[in-house]
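Engineer: Same order as they appear, the protein sequences are chains Y and X.
Basically our numbering = 1-based index in the first sequence + 393.
Basically our numbering = 1-based index in the second sequence + 393.
All C-beta atoms in this analysis are idealised placements derived from N, C-alpha and C, irrespective of residue type, glycine included.
My questions will all concern the structure given below.
2 protein chains.
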Amino acid sequence: MASVQDITVGAAVNILSAVVFLVAFAILRLQPFNDRVYFPKWYLKGIRGSPTRSGAFVSKFINLDCRTYLKFLNWMPAALRMPELELIDHAGLDSAVYIRIYLLGLKIFVPITALAFLILVPVNWTGQTLETIKDITFTNIDKLSISNVPPGSKRFWAHLVMAYVFTFWTCYVLYKEYKIVTNMRLRFLASENRRPDQFSVLVRNVPADPDESVSEHVEHFFCVNHPDHYLTHQIVYNANKLAKLVEKKKSLQNWLIYYQNKYERKPDKKPTTKTGFWGLWGKRVDAIDYYTAEIEKLSKQEAAERESVISDPKAIVPAAFVSFKTRWGAAVCAQTQQTSNPTIWLTEWAPEPRDVYWSNLAIPYVALTIRRLLMAVGLFFLTFFFMIPIAFVQTLANIEGIEKVLPFLKPLIDVKVVKSFIQGFLPGIALKIFLILLPTILMTMSKIEGFTSLSTLERRSAGKYHLFLLVNVFLGSIGVGTAFQQMDTFLNQSPTEIPKTVGMSIPMKATFFITYIMVDGWAGIAAEIVRLVPLVMFHLKNTFLVKTDRDREEAMDPGSLNFYTSEPRIQLYFLLGLVYSVVTPILLPFIIVFFAFSFMVFRHQIINVYDQKYESGATFWPDVHRRIIIGLIISQLLLMGLMSTKGAKQSTLVLIALPILTFWFHRFCKGRFESVFVKYPLQDAMVKDTLERATEPQLNLKAYLQDAYIHPVFKGGEFERPAAIDEEENNPLVATRRSSQRGSKHVTSGENSDVGV
Amino acid sequence: MASVQDITVGAAVNILSAVVFLVAFAILRLQPFNDRVYFPKWYLKGIRGSPTRSGAFVSKFINLDCRTYLKFLNWMPAALRMPELELIDHAGLDSAVYIRIYLLGLKIFVPITALAFLILVPVNWTGQTLETIKDITFTNIDKLSISNVPPGSKRFWAHLVMAYVFTFWTCYVLYKEYKIVTNMRLRFLASENRRPDQFSVLVRNVPADPDESVSEHVEHFFCVNHPDHYLTHQIVYNANKLAKLVEKKKSLQNWLIYYQNKYERKPDKKPTTKTGFWGLWGKRVDAIDYYTAEIEKLSKQEAAERESVISDPKAIVPAAFVSFKTRWGAAVCAQTQQTSNPTIWLTEWAPEPRDVYWSNLAIPYVALTIRRLLMAVGLFFLTFFFMIPIAFVQTLANIEGIEKVLPFLKPLIDVKVVKSFIQGFLPGIALKIFLILLPTILMTMSKIEGFTSLSTLERRSAGKYHLFLLVNVFLGSIGVGTAFQQMDTFLNQSPTEIPKTVGMSIPMKATFFITYIMVDGWAGIAAEIVRLVPLVMFHLKNTFLVKTDRDREEAMDPGSLNFYTSEPRIQLYFLLGLVYSVVTPILLPFIIVFFAFSFMVFRHQIINVYDQKYESGATFWPDVHRRIIIGLIISQLLLMGLMSTKGAKQSTLVLIALPILTFWFHRFCKGRFESVFVKYPLQDAMVKDTLERATEPQLNLKAYLQDAYIHPVFKGGEFERPAAIDEEENNPLVATRRSSQRGSKHVTSGENSDVGV
């Protein structure tokens, strides 16, 4: 077990690195040539131009004004200054609600910490158990934890009562927050401008019809079953290959520009390249000629592919975006079942056009269920067999373990500073490296599962990542770390004894988690604000590719909040805080520092840096809520396990009501709030419809919606929209065109008796 | 442990009692005076009149034709003769699908039994383990079970492979059956006549409005939010007190008739009664005068109450049945969310008028969630603490236990016949008595939970009962029974060791369950067909109350399939069959006999006796399917537990895929079929609407729906319908009346711009 001194060294190292990052940030952000790295959001909004062109040449790149350096922490109050409503307007509801998660952490843990230090710490400190037991090494940190209370003591009543108080407080804050977020979302939806997704429904699994094309089939179906509301629809092309070609062409064009720039700078020497992989081998040729030719070749391929996508009926996937005359009609269609076979004509609320994940729109039902099964099994293996490397890394945390395995390192390790460094820093950072690899794998798995919007993909990946962190970082660190120490005991015990041992080892792992919080939570967040990778990338691009201001605009990489990687990590802190709030309250201040610091950093990033790829209106909140509840229940169960080994078996009876009440609270909140995040109520739709009809009676909705859901590769290029749609528009074969050609008027059609079934 | 001889005695006793019941039935049903007891369904259908009035007086009551007695088992083929489509027409889809559960049991278990006897029985029989172990008593039945295979033997591969084969076969049959039932339901819904529930939606939690009555509020809300589809609505009165008065009056009237009949038969003596409780004490008075006066008093009370219900606005509950112009409109409203607050304006498909459970329509959301929490806790206690009496009863199964507790009974018990009788018969019957008490309690709990239709109440009670049977009868009989025998071992073991012990004791409990099947399944079903209680009740009523043919009609008690008591019991047989199919195949023939016999008996009862109170269109099938899946997964888990104690630990790895695949299969079926039982697809609604519009363009739907959802106490009485509704109809204050007064035309209203929000 690490001593107080180890913790102090760890804290020092991490605080030092955090301060280094912050100072680096403070200096770098003031340099005008970094302006686009640290304030891209303002450029994208068009509020901020390129750095002031007046003044000396040098001051265009480096800030020489010393006074600004003195106020290098100025960004912190600045980040907190923007009021929330303005923030929603500036960065979207997703971002504004996202940073409320950190705020929620503060709201939960500040009062809990205060109470725990007032009541539990004195109770533990005066427990005087650890001194009396021999053959055990303990530290002052352990003396502050529940381990210091003698088994069967009456003092445990304090812990039991506090467990109840903490649970009720957490639930109360969660309820209030759910209510606030719900109202924010409702206000946001009500105040939103007209958006195509308000009128549209994504229809999947359109059944094959031998006599009709997908487009005709969709049109007929909705003309018959939603006669008064159907307006138009857009079919979906399988343009995945085309998208790849476009991507490739863009990269070649970048190389071409690079060589052209090089040539301009040194006109005496024509740049050359090799034809092989990444220009590393093969024949040496003239680079500009080579890339021009390659681009031309690709352009031809692209044109051919474009042609084939548009003309080939097989390139049309059995899915469509169906638009309705009113939001009411769309809300009805999205929420109802269309046919008696629930695996065809699946309708769901259309995602925002930017939010659509185009590759997944064509997966049939059976394939979908099999994919989900395979991914569930895959996730299981990933989650449970990833533990083996983690277990190895964890051995580093145990210095005696290393000395046994690698005895020749003993003299080195015995140096005090090295020992403290290893124990305070290494286990956290090694774990961190493992975790960096993971989110991409999980995102790929979610994509295979077939979700159709980026927001859903992110939410599902976050769910998987959360499970992983729970099993591997939390339980793994407790269980496997202990397993290494107690391998003998474990092998001779029945496997069912493990939970008890896990519960028992919780207090012992407090120091490990404190170092983890410092590395991941403190230094990690400070590293986030420096944006090292985008900084380097921007300057590379700026040097080699940028010619015009537009290029510079494109070279910016504002990035975005990666919900699927960052949210589950926050959940880990909630879990740690809840688990240790009763057991080892000394851990809580570290968590509070994490939440406060993150809140500031991410508020700054949201205001100045990130540019969200889509806006989902905080649909992720139910997930956040649910995971905190899961953490709460885990903390209660572990407390029960711990208590039962503490000679306080009857306390299990006292605690049993907690998880039940917590679960009931979850159900209650789910029923009360969740549907706001899932469904679009008819009343709200009707209000917006009526308002719009009154203010814009002449609106041509059909024209507005026509191109809303075009695959991005068709957007803006040489082709304004695929020709097939125009063709089909004038297709005399489409029989029930009538009602949709009347279309743009808002009046309902008056008689439906002319609709055949 | 019971020996083969005990089983034989048990089988003999039970078969004997079954035969006695069958013979009694065969004789009783042929007597004309019992005709209304055994064929009430035909009377209710109006096909069968009172027994033939021609012929001798005696033959009106007793069947003297000896030939008919010879063919006393004739009802069996007769019951099987009616084709399924006719059966659906005759008895409804609920009943027809219900008996398919028995058929499903046969489809699953007949091939499994054949395979098990071909492969597993020889493998077990030649295992030769039990002979080699000393200090153990075993029977020939145990020699047929898995206990006879030596630990770690390669023979277990046969069991593992068979576990897979049985699972796949069960899933295959379940899938086919789900598909068949789904199609039956779809055909049934499509061919149904016009019914009020097709056009109606039950709206609950109408929020209070200071300016409007509930009725006005409902009307305004739906006029605004469903402007083209809203037709009319019916408010719900809290007539629970009135219903009680009506009930009481009816009982008093019965007494009056009884005394009048008595007086007519013996005009010399005026009948008297006592005024106290049940006429047992108090002042002696003239009975006819007393009851006439009482009825008059009650009539006045009833009239006053009727008046107050209709005029008092507080008697109107915040719920309503809202009807739409088309089935499409109703389907839309039932499936969508109305407002952003999902706890008000809750819409759901209206139950059939007969199916409405009126008392539960007025419970607010928070009260509902609290009630559900309380009932969940209540169910937990009921389920887990009911075990104590069961444990006591189970001790009877252990004859040595009795001898120890009550040594003075030893001489009696040692008589061979008595011993066999106790072991073969008592444990089953004692358990049975416990179970009779239970369903009513569970139904009351479901009522407290606040479900609004009888069909839902039955389904929810069935779920509770299933849990109870699972924990108490199945696990309790295995666990607690063993606990009594192995109390010492248990106390000295950690509680986590219990699952293993449970797995180990499964084969040992096979004989207990065989007796249980014989008592509950064989004799119990045979008792069902005799209908002892309705027989006695009918003759009592017939003697004392019946004066006219109409009275006799009312004296009939056809009863109905009690889904909530009988379905969970069938599930127990599925569970037993699945668990023992691999472990002790000898149990399977007993289960097959149960399924075959029950199928015949219930088919007969459905055709001739039962009169269903409502028709839900087989909405219970997803529950049936899910519970069989639960049984399957339990059987797989227990097999894994059993195998791990058999020195075949690696087999756990082989078996682990089974529950995962089974669970996936459940999810697949749920996605594929369940929504047919929950939602009304728009396409089907549209087809029926269009058809109706074409065939009956002049239909006055509003008149048709006007009185459909009137509380039964208001129906048919002196009040045709509460006056308040008429009043309100002409109320000039209701502003948006327009659209609903246009009402009965089917055309949609043409413009909605006049609808305020």
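Which residues, in chain order, does the region 1079 to 1110 of chain X contribute to contact with chain Y at a C-beta distance below 7 Å?
Structural biologist: Taking 7 Å as the Cβ-Cβ cut-off against chain Y, the residues of the region 1079 to 1110 of chain X that qualify are M1079, V1080, T1083, R1086.
Engineer: Would you call the region 1054 to 1062 of chain X in contact with the region 716 to 730 of chain Y, where contact means no fewer than 3 C-beta pairs closer than 8 Å?
Structural biologist: Verdict: no, contact absent.
Engineer: Y:Q1091: buried (16+ other C-beta within 10 angstroms of its C-beta) or exposed?
Structural biologist: With fewer than 16 Cβ atoms within 10 Å of its Cβ, Y:Q1091 is classed as exposed.
Engineer: Where Y:D679 and Y:T666 are concerned, what is the direct C-alpha to C-alpha distance, given to the nearest angstrom?
Structural biologist: Cα to Cα, the separation comes out at about 6 Å.
Engineer: Note down, in chain order, each residue of its chain lying with its Cβ closer than 8 Å to the Cβ of Y:I709, except the 5 sequence neighbours on either side.
Structural biologist: Excluding sequence neighbours, Y:I709 sits near S606, V607, S608, I628, V629, Y630, N631.
Engineer: Following the continuous alpha helix (DSSP H) through Y:Y909, name the residue where it begins and the one where it ends.
Structural biologist: 903 to 909 is the span of the alpha helix (DSSP H), which, as asked, contains Y:Y909.
Engineer: Under a three-way DSSP split, which group does X:K667 fall into?
Structural biologist: Correct three-state label for X:K667: strand.
Engineer: Using the Cα positions of X:L1035 and X:I985, report the straight-line distance between them to the nearest angstrom.
Structural biologist: Taking the straight line joining both Cα atoms gives about 25 Å.
Engineer: Where do the N-terminal and C-terminal ends of the beta strand (DSSP E) with X:E741 fall, by residue?
Structural biologist: Taken as a continuous stretch (DSSP letters only), the beta strand (DSSP E) holding X:E741 covers 739 to 742.
Engineer: What residue from X:P757, X:F992, X:L954 has the CA that sits closest to X:L497's CA?
Structural biologist: Out of X:P757, X:F992, X:L954, X:F992 has the C-alpha closest to the C-alpha of X:L497.
Engineer: Which residue marks the beginning of the beta strand (DSSP E) containing Y:I501, and which one marks its end?
Structural biologist: Looking at the DSSP string, Y:I501 is not in any beta strand (DSSP E); the run it does join, the alpha helix (DSSP H), is 486 to 508.
Engineer: Could you list the residues in the region 732 to 756 of chain Y with a C-beta less than 9 Å from some C-beta on chain X, going in chain order?
Structural biologist: Of all residues in the region 732 to 756 of chain Y, T732, S733, N734, P735, T736, W738 have a Cβ within less than 9 Å of some Cβ in chain X.
Engineer: Which runs of the beta strand (DSSP E) fall wholly inside the region 606 to 659 of chain X and span at least 3 residues, in chain order?
Structural biologist: As far as the region 606 to 659 of chain X is concerned, its whole beta strand (DSSP E) runs of at least 3 residues are 623 to 630.
Engineer: So is Y:A484 in contact with chain X if we call contact Cβ pairs under 8 Å?
Structural biologist: It does not: the Cβ of Y:A484 has no partner Cβ on chain X nearer than 8 Å.
Engineer: Determine contact between the region 731 to 748 of chain X and the region 634 to 648 of chain X, defined as no fewer than three beta-carbon pairs at a distance below 8 Å.
Structural biologist: Short answer: they don't touch.
Engineer: Compare the C-alpha of Y:F983 against each of Y:I1049, Y:I907, Y:S953 and name the closest.
Structural biologist: Comparing Cα-Cα distances from Y:F983 to each of Y:I1049, Y:I907, Y:S953, the minimum goes to Y:I907.
Engineer: What residue from X:E1089, X:R429, X:N935, X:R1065 has the CA that sits closest to Y:L761's CA?
Structural biologist: When only C-alpha atoms are compared, the closest one is X:R1065.
Engineer: Can you pull the chain X neighbours of Y:V516, defined as C-beta to C-beta under 8 Å?
Structural biologist: In chain order: nothing, as chain X lies at least about 29 Å away.
Engineer: Would you list the residues sitting across from X:V808 in a DSSP beta bridge?
Structural biologist: According to DSSP, which records beta bridges pairwise, X:V808 is partnered with nothing at all.
Engineer: Are the C-beta atoms of X:D621 and some chain Y residue less than 8 Å apart?
Structural biologist: Yes - at least one Cβ of chain Y is within 8 Å of the one on X:D621.
Engineer: Quick check on the DSSP output: what are the complete alpha helix (DSSP H) runs of length 4 or more inside the region 584 to 609 of chain X, in order along the chain?
Structural biologist: Runs found: 589 to 592.
Engineer: Listed from N- to C-terminal order along the chain, which residues in the region 607 to 631 of chain Y have their beta-carbon within a distance smaller than 9 Å of any beta-carbon of chain X?
Structural biologist: For the region 607 to 631 of chain Y, which is checked against every Cβ of chain X, the residues closer than 9 Å are F614, V617, N618, H619, P620, D621.
Engineer: Looking at X:L965 and X:Y973, is the spacing between their C-beta atoms short of 8 Å?
Structural biologist: Against a cut-off of 8 Å, the Cβ pair of X:L965 and X:Y973 comes out as no contact.
Engineer: In the DSSP assignment, find the beta strand (DSSP E) that holds Y:S716 and state where it starts and stops.
Structural biologist: Taken as a continuous stretch (DSSP letters only), the beta strand (DSSP E) holding Y:S716 covers 709 to 717.
Engineer: If you count every other CB in all the chains shown that lies within 10 Å of the CB of Y:Q521, and 16 or more means buried, which is it?
Structural biologist: The residue is exposed, with fewer than 16 neighbouring Cβ atoms inside 10 Å.
Engineer: When the Cα of X:R548 is compared with those of X:N517, X:P470, X:A411, X:L925, which residue comes out closest?
Structural biologist: Minimum Cα distance to X:R548 is reached at X:N517.
Engineer: Please list the residues of the region 709 to 728 of chain X that have a C-beta atom closer than 7 Å to any C-beta atom in chain Y, keeping them in chain order.
Structural biologist: The residues in question are A724, V725, Q728.
Engineer: Helix, strand or coil: how does DSSP classify Y:R747 here?
Structural biologist: Looking at Y:R747 - three-state DSSP - the assignment turns out to be helix.
Engineer: Could you work out which residues of chain X lie near Y:I999, taking near to mean beta carbons separated by less than 8 Å?
Structural biologist: Under the 8 Å cutoff, chain X gives no residues; its nearest Cβ is about 26 Å from Y:I999.
Engineer: Looking at chain Y, is there any beta carbon in it that lies within less than 8 Å of the beta carbon of X:K1072?
Structural biologist: Cβ-Cβ to chain Y under 8 Å: yes for X:K1072.
Engineer: Please report the straight-line C-alpha distance between X:A916 and X:I408, rounded to a whole angstrom.
Structural biologist: Rounded to the nearest angstrom, the two C-alpha atoms are 7 Å apart.
Engineer: Can you list, in chain order, the residues of the region 529 to 558 of chain X whose Cβ is nearer than 7 Å to any Cβ on chain Y?
Structural biologist: For the region 529 to 558 of chain X, which is checked against every Cβ of chain Y, not one residue is closer than 7 Å.
Engineer: With respect to the beta strand (DSSP E) encompassing Y:V678, which residues constitute its N-terminal and C-terminal limits?
Structural biologist: It spans 677 to 679 - the beta strand (DSSP E) in which Y:V678 sits, taken as one unbroken run.
Engineer: Helix, strand or coil, according to DSSP, for Y:S974 in the structure here?
Structural biologist: Helix, per DSSP.
Engineer: Please state the DSSP three-state secondary structure of X:S953.
Structural biologist: It is coil, neither helix nor strand.
Engineer: Give the DSSP-derived three-state secondary structure of Y:S538 in the structure shown.
Structural biologist: Looking at Y:S538 - three-state DSSP - the assignment turns out to be coil, as it is neither helix nor strand.
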